[in-house]
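Here the working numbering = 1-based position in the sequence shown + 1. Glycine included, every Cβ here is placed at the ideal spot set by N, Cα and C. Since this is a predicted model, take the numbers as computed values, not measurements. Right, one structure below, let's go through it.
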Amino acid sequence: MQISRALRPDARAIVSGRPARIVGRGMDLEGPLVEFDRGANRVTVDGAGRLGLPLEQGMAGLDALSMTGATAPPPAAGPSTLDVRWQGRLDFDGRTARFVDKVQTVSGGTRLDAGILDVTLTRPIDFGSLSGPAPAGPRADVARIACGNGVRIESESAGRDGGRSVERIFVRDLVLDRGTGDVLGTGPGRLTSTRFGQLPAFAPPAGPPGSAPPAPVPAATTTARLTYLGVDFQRGLRGNLQRRSLEFHQRVQAIWGPVAAWDDALDPHAAAGLPPGAVSVASDALGIGQSPPQPGQSRSALELVAAGNVMVEGESFTARSARLSWSEAKDLLVFEGDGRSDAQLYRQLRVGAPTSSASAGKILYWRSLNRVDIDDARYLDFDQLAPGGGLDRLPGLPAAARPATPPR
Numbered sequence: 002m003q004i005s006r007a008l009r010p011d012a013r014a015i016v017s018g019r020p021a022r023i024v025g026r027g028m029d030l031e032g033p034l035v036e037f038d039r040g041a042n043r044v045t046v047d048g049a050g051r052l053g054l055p056l057e058q059g060m061a062g063l064d065a066l067s068m069t070g071a072t073a074p075p076p077a078a079g080p081s082t083l084d085v086r087w088q089g090r091l092d093f094d095g096r097t098a099r100f101v102d103k104v105q106t107v108s109g110g111t112r113l114d115a116g117i118l119d120v121t122l123t124r125p126i127d128f129g130s131l132s133g134p135a136p137a138g139p140r141a142d143v144a145r146i147a148c149g150n151g152v153r154i155e156s157e158s159a160g161r162d163g164g165r166s167v168e169r170i171f172v173r174d175l176v177l178d179r180g181t182g183d184v185l186g187t188g189p190g191r192l193t194s195t196r197f198g199q200l201p202a203f204a205p206p207a208g209p210p211g212s213a214p215p216a217p218v219p220a221a222t223t224t225a226r227l228t229y230l231g232v233d234f235q236r237g238l239r240g241n242l243q244r245r246s247l248e249f250h251q252r253v254q255a256i257w258g259p260v261a262a263w264d265d266a267l268d269p270h271a272a273a274g275l276p277p278g279a280v281s282v283a284s285d286a287l288g289i290g291q292s293p294p295q296p297g298q299s300r301s302a303l304e305l306v307a308a309g310n311v312m313v314e315g316e317s318f319t320a321r322s323a324r325l326s327w328s329e330a331k332d333l334l335v336f337e338g339d340g341r342s343d344a345q346l347y348r349q350l351r352v353g354a355p356t357s358s359a360s361a362g363k364i365l366y367w368r369s370l371n372r373v374d375i376d377d378a379r380y381l382d383f384d385q386l387a388p389g390g391g392l393d394r395l396p397g398l399p400a401a402a403r404p405a406t407p408p409r
């Protein structure tokens with residue numbers, strides 16, 4: 002240990018070891034070469050090290066990245082510890098700590114890996130008083146997180162209802178404002194989410210001409226199952242963790258479908274085509290969010306909106322539209338045109354079967370009611386697109402027994 006100008010305000014100390022360790026007022030710092038500058042209130046570490054720092058909630062805000070999971074995770078339990086490991090260097094001026102090279106931090110069920118990590122605190126830490134009593138008032142907390150040079154975040158969470166979800170985000174750079182919840186990421190990147198939930202019903206029902214109208218989908222087919230969502234994007238992502246919403250921009254490619262295990266994944270570009278039950282969505286932009294639980298429900302529901310050159314592909318259908326929206330709570334799928342081009346739907350029940358199609362300003366489908374509504378129709382092939390070939394389920398046409406009007 003070397004100390005210079007020990008009694009002056011600009012005193013400096015250098016501690017070396019294998020590793021050197023400094024502990025004071027809850028802070029736990031390790032590294033091969035630790036330098037304190039009291040005048041600048043700065044700590045630097047050359048080489049690999051670890052920092053443990055008591056904070057009000059630590060990195061708990063990262064747990065909200067499970068926004069595509071079944072429910073919001075429980076609130077933070079109270080005081081926590083910022084625990085970061087790195088391989089290159091630490092530079093900490095009391096307010097902002099920069100960690101360089103193979104940085105890793107873990108908070109609850111969330112792990113973050115990045116090339117560079119900047120953590121800004123809500124209030125500065127005075128390194129000159131580490132040996133004295135702790136100041137009155139709440140501890141410092143994380144105000145802002147900025148990471149870059151390749152970012153990987155893995156989050157596993159359990160909601161208040163016991164539901165589990167696993168999310169992974171890969172981006173080039175990411176910035177999170179803990180105060181506002183705003184998050185901004187630079188692509189190209191990818192998000193994956195595995196959760197228990199209902200699969201989106203992207204294809205309207207079909208049946209041969211003259212068959213009896215099908216009954217509403219039984220509850221057994223709408224029960225929650227293990228599903229996978231993968232989203233690739235080029236430009237970046239933005240959203241808000243408090244509102245639990247994310248938007249992805251430029252050449253967005255998403256796939257959604259059932260999986261058998263938590264580690265399974267779906268590939269929209271697989272040579273064998275889409276797996277059974279899977280749907281892919283390509284668009285210029287894609288938004289994913291959560292709506293509050295409905296009365297009598299303990300689990301939040303997903304909302305999905307795609308815009309700009311939307312193309313949806315499934316096992317037996319293809320759809321093109323300017324906008325697509327899907328609500329898990331309402332079990333409602335909507336294809337919309339933009340006034341210049343209509344929503345178009347093409348369906349082929351099996352290889353070699355005739356192709357049916359529809360072109361309209363808006364096509365709505367409620368899976369639980371097995372009902373299709375067509376607004377501002379341009380062209381319809383009723384034999385395949387209308388349930389059971391019947392016209393009585395289309396709006397504006399006489400019907401002997403129409404189902405109750407579902408919510409839009």
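Notebook entry, point to check: Closest by CA to residue 237, which one among 48, 253 and 101?
Noted result: One-based indexing of the sequence shown puts residue 237 at position 236. The shortest CA-to-CA distance from residue 237 to any of 48, 253 and 101 is the one to 253.
Next item on the list: List the whole-angstrom C-beta distance separating residue 468 from residue 349, where the pair is believed to meet the contact cut-off of C-beta under 8 Å.
Entry: The question about residue 468 has no answer here: the residues shown for the chain are numbered 2 through 409.
Next item on the list: Have a look at residue 213 and residue 259 and give me their C-alpha separation to the nearest angstrom.
Entry: Taking the sequence shown and counting its residues from 1, the one referred to as residue 213 is at position 212. Taking the sequence shown and counting its residues from 1, the one referred to as residue 259 is at position 258. Summary for residue 213: the model assigns pLDDT 40, below 50, so the residue's position carries little reliability; its value from the coordinates is reported in the next sentence. Computed Cα separation, rounded: 29 Å.
Item checked: Expected contact under 8 Å - CB spacing of residue 175 and residue 145 to nearest Å -> For this step, residue 175 is matched to residue 174 along the sequence shown. For this step, residue 145 is matched to residue 144 along the sequence shown. Incorrect: roughly 11 Å between the Cβ atoms, too far for contact.
Check: Counting along the chain, where does the beta strand (DSSP E) carrying residue 310 start and finish?
Finding: The residue labelled residue 310 in the question sits at position 309 within the sequence shown. Looking at the DSSP string, the run of the beta strand (DSSP E) that includes residue 310 is 302–314.
Next item on the list: Indicate the three-state DSSP secondary structure (helix, strand or coil) for residue 129 in the structure shown.
Entry: For this step, residue 129 is matched to residue 128 along the sequence shown. Helix, per DSSP.
Next item on the list: Return the chain-ordered list of same chain residues with a C-beta closer than 6 Å to the C-beta of residue 85, the five sequence neighbours on each side being excluded.
Entry: Mapped onto the sequence shown, residue 85 falls at position 84. Excluding residues within five positions, the ones whose Cβ falls inside 6 Å are 52, 100 and 106.
Note to self: Can you list, in chain order, the residues of its chain with a C-beta nearer than 6 Å to that of residue 3? Leave out the 5 residues immediately preceding and following it.
What the structure shows: The residue given as residue 3 occupies position 2 in the sequence shown. Taken in chain order, the residues that qualify are 15.
Checklist line | Selected residue, minimal CA-CA separation from residue 156, among 150, 113 and 120 | finding: Start at 1 with the first residue of the sequence shown, and residue 156 comes out as number 155. It is 113.
Item checked: Per DSSP, the bridge partner or partners of residue 250 -> Along the sequence shown, one-based indexing puts residue 250 at 249. DSSP lists 237 and 286 as partners of residue 250.
Check: In three-state terms, what does DSSP make of residue 150?
Finding: Locating residue 150 in the sequence shown gives position 149, counting from the first residue. Here residue 150 sits in strand by DSSP.
Check: What residues in its chain sit with their C-beta under 8 Å from that of residue 241, if we drop five residues either side in the sequence?
Finding: Position 240 of the sequence shown holds residue 241. Closer than 8 Å at the Cβ level, and outside the excluded window around residue 241, lie 181, 182, 183 and 184.
Check: What are the residues that DSSP puts in a beta bridge with residue 91?
Finding: For this step, residue 91 is matched to residue 90 along the sequence shown. In the DSSP assignment, the residues bridged to residue 91 are 46 and 100.
Margin query: Let me make sure I understand the geometry here. Which of 42, 312 and 248 has the alpha-carbon closest to that of residue 188?
Written below: Numbered from its first residue, the sequence shown carries residue 188 at position 187. Answer by Cα proximity: 248.
Margin query: Taking the alpha carbon of residue 194 as the reference point, which residue from 88, 158 and 27 has its own alpha carbon closest?
Written below: Stepping through the sequence shown from its first residue, residue 194 is reached at position 193. Considering only alpha carbons, the answer is 158.
Checklist line | Nearest neighbour of residue 173, chosen from 153, 167 and 166 [CA to CA] | finding: Counted from its first residue, the sequence shown places residue 173 at position 172. Among 153, 167 and 166, the Cα nearest to that of residue 173 belongs to 153.
Next item on the list: Would you list the one or two residues that DSSP bridges to residue 345?
Entry: Along the sequence shown, one-based indexing puts residue 345 at 344. Paired residues: 321 and 360.
Notebook entry, point to check: Which of the three DSSP states, helix, strand or coil, is assigned to residue 214?
Noted result: The residue you call residue 214 lines up with position 213 of the sequence shown. Its pLDDT being 44, under 50, residue 214 is placed unreliably by the model, and the measurement read from it follows with that caveat. In the structure shown, residue 214 sits in coil (DSSP, three-state: anything other than H, G, I, E or B).
Item checked: C-beta atoms of residue 171 and residue 42 nearer than 9 Å -> Position 170 of the sequence shown holds residue 171. Position 41 of the sequence shown holds residue 42. Going by C-beta atoms, residue 171 is not nearer than 9 Å to residue 42.
Check: Buried or exposed: where does residue 328 fall if 16 or more other Cβ atoms within 10 Å of its Cβ makes it buried?
Finding: Locating residue 328 in the sequence shown gives position 327, where the first residue counts as 1. Buried.
Notebook entry, point to check: residue 353 lies in the beta strand (DSSP E); which residues open and close that run?
Noted result: Along the sequence shown, one-based indexing puts residue 353 at 352. Careful: residue 353 lies outside any beta strand (DSSP E) and carries neither H nor E.
Check: Could you give the C-beta distance for residue 96 and residue 125, rounded to a whole number, given that I count them as a contact under 8 Å?
Finding: For this step, residue 96 is matched to residue 95 along the sequence shown. For this step, residue 125 is matched to residue 124 along the sequence shown. Contact holds; Cβ gap of about 4 Å.
Checklist line | Proximal residues to residue 233 (C-beta, below 6 Å), its chain only, five neighbours per side dropped | finding: Looking up residue 233 in the sequence shown gives position 232. 191 and 254.
Checklist line | Own chain partners of residue 148 with C-beta closer than 6 Å, once the 5 adjacent residues on each side are dropped | finding: Here residue 148 corresponds to residue number 147 of the sequence shown, with the count starting at 1. Closer than 6 Å at the Cβ level, and outside the excluded window around residue 148, lie 115, 118 and 175.
Next item on the list: Note down the Cα distance separating residue 24 from residue 121, rounded to an integer number of angstroms.
Entry: The count along the sequence shown starts at 1 and reaches residue 24 at position 23. The count along the sequence shown starts at 1 and reaches residue 121 at position 120. In this model, residue 24 and residue 121 are separated by some 21 Å (Cα to Cα).
Next item on the list: Measure the alpha-carbon distance for residue 228 versus residue 375 and round it to whole angstroms.
Entry: Working through the sequence shown from its first residue, we reach residue 228 at position 227. Working through the sequence shown from its first residue, we reach residue 375 at position 374. Rounded to the nearest angstrom, the two C-alpha atoms are 29 Å apart.
Checklist line | Enclosing beta strand (DSSP E) for residue 14 [first to last residue] | finding: Walking along the sequence shown from the start, residue 14 turns up at place 13. Annotation for residue 14: the continuous beta strand (DSSP E) segment containing it runs 13–25.
Notebook entry, point to check: Name the DSSP bridge partner or partners of residue 82?
Noted result: The residue you call residue 82 lines up with position 81 of the sequence shown. The partner list for residue 82 (beta bridge, DSSP) reads 55.
Check: Shortest alpha-carbon distance to residue 243 belongs to which of 293, 314 and 282?
Finding: Residue numbering aside, residue 243 sits at position 242 when the sequence shown is read from its first letter. Answer by Cα proximity: 293.
Notebook entry, point to check: Just curious, the beta strand (DSSP E) that residue 28 is in, first and last residue?
Noted result: Stepping through the sequence shown from its first residue, residue 28 is reached at position 27. Secondary structure note for residue 28: its beta strand (DSSP E) is the uninterrupted segment 28–38.
Next item on the list: Taking only the alpha-carbon atoms, compute the straight-line gap between residue 165 and residue 316 and give it to the nearest angstrom.
Entry: The residue given as residue 165 occupies position 164 in the sequence shown. The residue given as residue 316 occupies position 315 in the sequence shown. Distance between the alpha carbons of residue 165 and residue 316 is about 28 Å.
Item checked: Through-space distance from residue 326 to residue 283, alpha-carbon basis -> As a working mapping, residue 283 is identified with position 282 in the sequence shown. As a working mapping, residue 326 is identified with position 325 in the sequence shown. Computed Cα separation, rounded: 13 Å.
Check: Tell me which same chain residues have a C-beta within less than 6 Å of the C-beta of residue 45, skipping the five on either side of it?
Finding: Taking the first residue of the sequence shown as position 1, residue 45 is located at position 44. Answer for residue 45: 36 and 92, listed in chain order.
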